[in-house]
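Here's the structure, in structure tokens; my notes come after.
4 protein chains.
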Amino acid sequence: MKGKIALEECFTIPELLEYFNPSSFASKGVIGDDLTGNLLDIHGKRLREMDENDVEFMVLSLNAPGCQAIANQKESEDMARLANDYLEQELLKNPKRFAAVAALSMHDPAQAAEELKRCMTEKKGFVGAMINDFQSVGEDGQGIVFYDDPKYDAFWKAANDLEAPVYIHPRPSNKLIHELLWKGRPWLDFSALGYANRVNAHLLGIVTAGVLDRFPKLKLVIGHMGEHIPYDLYRIDHKLDRNRFPNMPMRKDKLVRDYFGSQIFITTSGHFSTPALICAMTEIGARSIAFSIDYPFESIPNGSCWWDEYVSVNVSERDFVDMGRNNSLNIFPKLKDPLHGLKEMEPEECGVGGLRASEGEVTYGMYNKDYNRRMRKV
Amino acid sequence: MKGKIALEECFTIPELLEYFNPSSFASKGVIGDDLTGNLLDIHGKRLREMDENDVEFMVLSLNAPGCQAIANQKESEDMARLANDYLEQELLKNPKRFAAVAALSMHDPAQAAEELKRCMTEKKGFVGAMINDFQSVGEDGQGIVFYDDPKYDAFWKAANDLEAPVYIHPRPSNKLIHELLWKGRPWLDFSALGYANRVNAHLLGIVTAGVLDRFPKLKLVIGHMGEHIPYDLYRIDHKLDRNRFPNMPMRKDKLVRDYFGSQIFITTSGHFSTPALICAMTEIGARSIAFSIDYPFESIPNGSCWWDEYVSVNVSERDFVDMGRNNSLNIFPKLKDPLHGLKEMEPEECGVGGLRASEGEVTYGMYNKDYNRRMRKV
Amino acid sequence: MKGKIALEECFTIPELLEYFNPSSFASKGVIGDDLTGNLLDIHGKRLREMDENDVEFMVLSLNAPGCQAIANQKESEDMARLANDYLEQELLKNPKRFAAVAALSMHDPAQAAEELKRCMTEKKGFVGAMINDFQSVGEDGQGIVFYDDPKYDAFWKAANDLEAPVYIHPRPSNKLIHELLWKGRPWLDFSALGYANRVNAHLLGIVTAGVLDRFPKLKLVIGHMGEHIPYDLYRIDHKLDRNRFPNMPMRKDKLVRDYFGSQIFITTSGHFSTPALICAMTEIGARSIAFSIDYPFESIPNGSCWWDEYVSVNVSERDFVDMGRNNSLNIFPKLKDPLHGLKEMEPEECGVGGLRASEGEVTYGMYNKDYNRRMRKV
Amino acid sequence: MKGKIALEECFTIPELLEYFNPSSFASKGVIGDDLTGNLLDIHGKRLREMDENDVEFMVLSLNAPGCQAIANQKESEDMARLANDYLEQELLKNPKRFAAVAALSMHDPAQAAEELKRCMTEKKGFVGAMINDFQSVGEDGQGIVFYDDPKYDAFWKAANDLEAPVYIHPRPSNKLIHELLWKGRPWLDFSALGYANRVNAHLLGIVTAGVLDRFPKLKLVIGHMGEHIPYDLYRIDHKLDRNRFPNMPMRKDKLVRDYFGSQIFITTSGHFSTPALICAMTEIGARSIAFSIDYPFESIPNGSCWWDEYVSVNVSERDFVDMGRNNSLNIFPKLKDPLHGLKEMEPEECGVGGLRASEGEVTYGMYNKDYNRRMRKV
């Protein structure tokens, strides 16, 4: 599919590597030879693979845990500014292909609001923000701050007023959580399970705290096919029983389900399962879902191949193009600014549909173009 | 769901009963006591059941086979005018609840175009047309005319220019077809199978003849969850092999699939299967689908109960409201005229979503409101 | 998937080519260069492609319309015997890879029963029968015989007693039907639409005539994902209204739906749509469905690629292996005879599941094995 | 559906109420008037509602957190024995309707194995065991024990050898976890989210520790539609990257996905979402899923109504009956012992299928039996 937009795509800066080495996340040989190199690169291999795989546009974000793992407030805030300044400089080299979500220190809601405002109003190419789960605080770095605390309304108000969607991204747990829950099974603490278990709690904490009710223009985005939430929406709403929890601040006449499509959105980053996508489409609707890859923790060809060749034959053309591109323009409206110049596209413009009939493909079927050299699965 | 719009809802006039007695379609006791009475009624029982079941609006159509079974050209044309005049008069008694699709004799494309123009421009409350499959012609009434014949371009051009969507509705077979294919199994000739087998051939005949290519503003609508077509789209497109059929007029760079959502739409009339609906949503997309009942051949409470209580828990809120209402305004834009005053609605306006949480329902679950007096299925 | 069994796979004999030239079905260059050659071949290219694509076993059938298009009774009956004798000879050269369904002339139910008995009891390697829709009869060849006529109970009784499942395969229409319904749109008369429209009527004719009730060990099989029926089961059962059709012979306490999985089965031949497969799985259940290709009208690599690489990531491992292999042994129990030696297999034995994790595939994802040379779809 | 079997159905004994008051879980008025009374009751209201809703059989389990929240080892072990003795006594009053899973203290693997052996071999009516997530230990009760620790192999070996499936049920978090993760959002700590987040980690901890590999006859069961796991299986397997986690003990040639249907099963307890069920069916297969209610935390009519009236029209008859009944006999084979006398049933025996056509239902449609007094949803 031509014109794909990907929303959860990471980069890093050398200064962050001193705090946090991505190679601790991935063994040598995983996801290509050089994870750190791929994170540092923007205009080289990344862009080439985007070209080769019809990824027209990437929204870049600072590699998790980013500022959220920097427990020293000043250092965290400096890092956010540094990353955002660097990122602006880089994306302005090619603004038709790249935009950014702001990195933010979340130590101080007012400062986070200020930095978000700086990015959204004084800088170019920023379309929202990304926060990597909880903020580490305290001298030992083991303090945990969640943003459903009422004092964070100062931040949410800024995001609401600036119309800056906030992407809630996972991060590794801290030592306290890891010791308590994951010590004997560290492989589950990360992207296989712990990431989703923590982000779903944080996101639902914010929603049930009534943040979306107080700030009705605020949009939240989560990746990884919704961090388990779409599958469990029935049970979540059923069990958030207002008789049992009369003090839960969320509007009593709404379900968590009701916020999807207007204030909550999900992406497909790193979760290339068509049955899960279909489940999400039935529970929250195609217009709540946007394609993403999670580069470089996932491969651009792999995510694109899933989308272009597998999802394409499992969903309708319009939903396919909406999820692959158009919804992203609805979620992040600043992508339509002249700087980026992105526009909604019809299936035909994306090469979806009739062109598949060209060159005898209908004759031989949808699956046989490369049949005489297909890779064997089994 | 409040605000439902239903598109394939029949009425009749006494003059048509002389040609065609609907009771020959249905045994006594079927679909209520009085099929003919229900067809003749507009403002009585019909409106009361609409009120009771949140059907805000019905698009009325003359009962099939209507003018298509009248082989005498003048009588057929007179019947169309008579029915359209009568219908205008009736719907103007309550234009916030009723609109109409024009009945047309299809003996002569130019006359059909003329009558359609009269309805769309000189009369009030007409939003498109409905044709009941092939036109019977000839002295013995056994002649068959299909509208993929090039001479019908005169009609399709009018529908295109008037922006009048054309609903292709089934009709019983004539004596020739019945003898040839259905004699030993008459129960299959009608709505169980024969209707779909004939309408899918007629619709695909028109599409593959290139009519939609020559008239790009033309929209076609079929009922009964698409008359088998969505389920078979892969095979249909795969087997309409341009190498084998180089003379097929449809654009060579398009698939039948590609016309759905822009020029072909389906309704749910008389096919209240959620798995079939989900299949159609994955093949042609929610925005190609509109709720309908097929009253009085189906019951308003039955179709509405399926939609409100069964479909509501199987699709996302937005798709639900789009299919239940908003898509109809997209397919038939004249429904938005001030005469009818219909507007797009959000899920919340339709009572979809949070209200389900009221009165302790979340406490007891989605399925238990009436549990202590539920009807037993088995 | 290792161990796949394919059920609707055609061959022909030179003698049949004199009656019926398959090249009239397909333009030059369609489905490989040499359709006739592919039909005549069994142990050459066919077997090689089976090997290359993990198709362990094929049930062979005489190319449609076969004996059904031979209106001269004696010639038709001779052709059936000739084809069956030839086929036995061929399959016995490699009975671990091939079995057969008997070709039958259907002019005379008693003779059809006799020939079926000869194949099932005196010959080796026959596991059932295939009939190609209606039998052409009469001097002009335009007579049509359907097998829901009560006199065909003699044949159905034999199939029941011999426990020989009967596959109902489509055939082209005759001149009468073609002139009446398809003249201006010949491309729709064949596999794109007309085949399914006729076989679904014939199959449902047999079922609603009560044949399956009178012969409870009889099994019927249809291809092409069920010839539209699974998608419309709700409407079919709903509209086969016993109040309206009190004389319909089928058991009054059963739905058409109820026969699937025990007496009616479908295959995937020539309909490689995953959404349609999922719809069929929800309406009639995985155990009513068996993989098939429709070689040589479909390509073995194409059908196998769909199954192995696309369906594999959309259904559970057990359903995948059951539909790909095990169900065929349940439908055609004679496949388990020592002559063929087929046994049920577990997912692991079919290479389904864990092996996908080997060689770093989990590292790079399910879709990227061949990413650096993927064929571009758009 | 007649003959339903429900697997996760709780009771309590007065002695346990001293440790753990279920009313702390539920406000007055929730889930009926008297949660404690419903837990204590077996043969009264519970059985009456089973009769009224075609629940033929319940497998009873001691109310969570049960012995797992009793940090004093002796008291925990005494409680298990007390509860098991009481339960045997009660179920033997009506063994055609009730069986039990053993309550176990998990302080000491050897003692847990011993008590399980006592239940499975010396007592009657026990078909497996249920463990409520982690075991609280230590003087302050804040110690946490997970059963993926190698020393628990002694217990898993016993479960394997006794062929006793182990149901892993959620429990509330302890003070440490609650303070760390849920303090500001207590409504999320319980059944809405925290339960699933903890059980999925514990279950996957056990699986990735290789327990199922070392004990190939061991079966694990989880409720609530699989505690998020089926939806995320792609990502879980994808991210449990053996290159990154070479020391993860699970077999390197298997995926977590591969254990479903043979060693891991899920139930529908408390998660009555048809889209989630369909997703689970596509990811892990119908045969991995068994109906359950979670009484008295869910209402028997509510869960049964969902199953009988909603699921019945969304899945095939055979899958419906397998999930509603037959799979439970495969998971817990002791249910087939003469004491309980349960047998596999065909759809027809369960009243599924044709009977729906009786009394004119097909005439009026599947959804209208009660239409003239339907409850309004909106």
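Chains as they are written, first to last, in full-length UniProt numbering: chain F, 1 to 378; chain V, 1 to 378; chain B, 1 to 378; chain A, 1 to 378. A virtual CB, placed ideally from N, CA and C, is assigned to each residue, including glycine.
query = Residues of chain B with a CB under 8 Å from the CB of V:K45: which are they?
reply = In chain order: nothing, as chain B lies at least about 21 Å away.
ask   = Between the C-alpha atoms of A:L204 and V:N302, what's the straight-line distance to the nearest angstrom?
value = 45 Å
query = Could you give the distance in angstroms between the alpha-carbon of B:G226 and the alpha-carbon of B:M250?
reply = 20 Å
request  = May I ask you to list, following chain order, the residues of the stretch 278–297 of chain V that have a beta carbon less than 8 Å from some beta carbon of chain F?
outcome  = I278, M281, T282, E283, I284, G285, A286, R287 and S288
query = Comparing alpha-carbon positions, which option in A:M323, A:L16, A:N53 and A:C279 lies nearest A:L39?
reply = A:L16
ask   = If you draw a straight line from the C-alpha of V:G288 to the C-alpha of V:G324, how long is it?
value = First, the residue type needs correcting, since residue 288 of chain V is Ser and not Gly in the sequence shown. Going by the C-alpha atoms only, they are around 12 Å apart.
message = Taking 8 Å as the threshold (C-beta atoms), are V:Y295 and V:C119 in contact?
response = no
query = So, do the stretch 134–146 of chain B and the stretch 178–196 of chain B have three or more beta carbon pairs nearer to each other than 8 Å?
reply = no
request  = Just the chain V side, please: which residues come within less than 7 Å of B:M248 by C-beta, in chain order?
outcome  = W187
ask   = Would you say V:H178 faces chain B, with C-beta separation under 8 Å as the test?
value = no
key: From B:L92, B:R81, B:E77 and B:E90, residue whose alpha carbon lies closest to that of B:H107   = B:E77
key: For B:C10, three-class secondary structure by DSSP   = strand
request  = Take F:P338 as the anchor and find which of F:M248, F:N94, F:S61 and F:E298 has the nearest alpha-carbon.
outcome  = F:N94
ask   = By the criterion of Cβ-Cβ separation under 8 Å, what are the contact partners of A:L116 in chain F?
value = The contacting residues do not exist; A:L116 stays about 23 Å from chain F at best.
task = Might you give, ordered along the chain, the residues of its own chain that have their beta carbon closer than 6 Å to the beta carbon of V:Y195, omitting 5 neighbours on each side?
result = P170
Proximal residues of chain A, C-beta to C-beta of B:E344 below 7 Å = Per Cβ cutoff of 7 Å: no residues; B:E344 is ~14 Å from chain A at best.
query = chain B partners of A:S312, CB-CB under 7 Å?
reply = Those do not exist, as A:S312 stays about 11 Å from chain B at its closest Cβ, beyond 7 Å.
message = Rounding to the nearest angstrom, what Cα-Cα distance links V:S269 and A:V311 in this structure?
response = 22 Å
ask   = Of the choices B:A102, B:V207 and B:I42, whose alpha-carbon is the least far from that of B:S61?
value = B:A102
query = Looking only at its own chain, which residues have a Cβ that is under 7 Å from the Cβ of F:I222, when we skip the five neighbours before and after it?
reply = I168, V199, L203 and I266
key: Under 7 Å by beta carbon: chain F residues contacting A:L193   = N200, A201, L204 and I236
7 Å CB neighbourhood of F:E286 in its chain, flanking five on each side removed = In the sequence as displayed, the identity of residue 286 of chain F is Ala instead of Glu. Answer for F:A286: D319, D322 and M323, listed in chain order.
message = For the pair the stretch 153–168 of chain B and the stretch 203–217 of chain B, tell me if three or more CB-CB distances fall below 8 Å.
response = yes
task = Measure from the C-beta of F:A71 to each C-beta in chain A and report whether the shortest distance is under 8 Å.
result = no
Interface residues of the stretch 260–278 of chain V facing chain B [CB-CB below 8 Å] = G270, H271, F272, S273, P275, A276 and I278
inquiry  = Contact defined as beta carbons within less than 8 Å: I believe V:M1 pairs with V:D308. What is the distance between those atoms, to the nearest angstrom?
reply    = 5 Å
query = So, does the CB of F:L181 fall closer than 8 Å to a CB anywhere in chain A?
reply = yes
inquiry  = the ligand SAH and A:L220: does any heavy atom of the ligand fall closer than 7 Å to the residue's C-beta?
reply    = The ligand SAH is absent from the structure shown, which contains no ligand whatsoever.
Separation of V:H340 from B:P347, as counted between CA atoms = 59 Å
inquiry  = Taking 7 Å as the limit between beta carbons, can you name the residues of its chain near V:A110, skipping five residues before and five after?
reply    = A154
ask   = Of all the options F:H228, F:I5 and F:I206, which has the alpha carbon lying nearest to the alpha carbon of F:M50?
value = F:I5
task = May I ask you to list, following chain order, the residues of the stretch 77–111 of chain F that have a beta carbon less than 7 Å from some beta carbon of chain V?
result = none
key: Residues bridged to B:N132 [DSSP beta-bridge criterion]   = B:H169
message = Per DSSP, what are the beta-bridge partners of B:A290 in this structure?
response = B:T267
inquiry  = Against chain A, with Cβ distances strictly below 8 Å, would F:A209 count as a contact?
reply    = yes
task = Would you tell me roughly how many angstroms separate the C-alpha atoms of V:F126 and V:E115, rounded to the nearest one?
result = 12 Å
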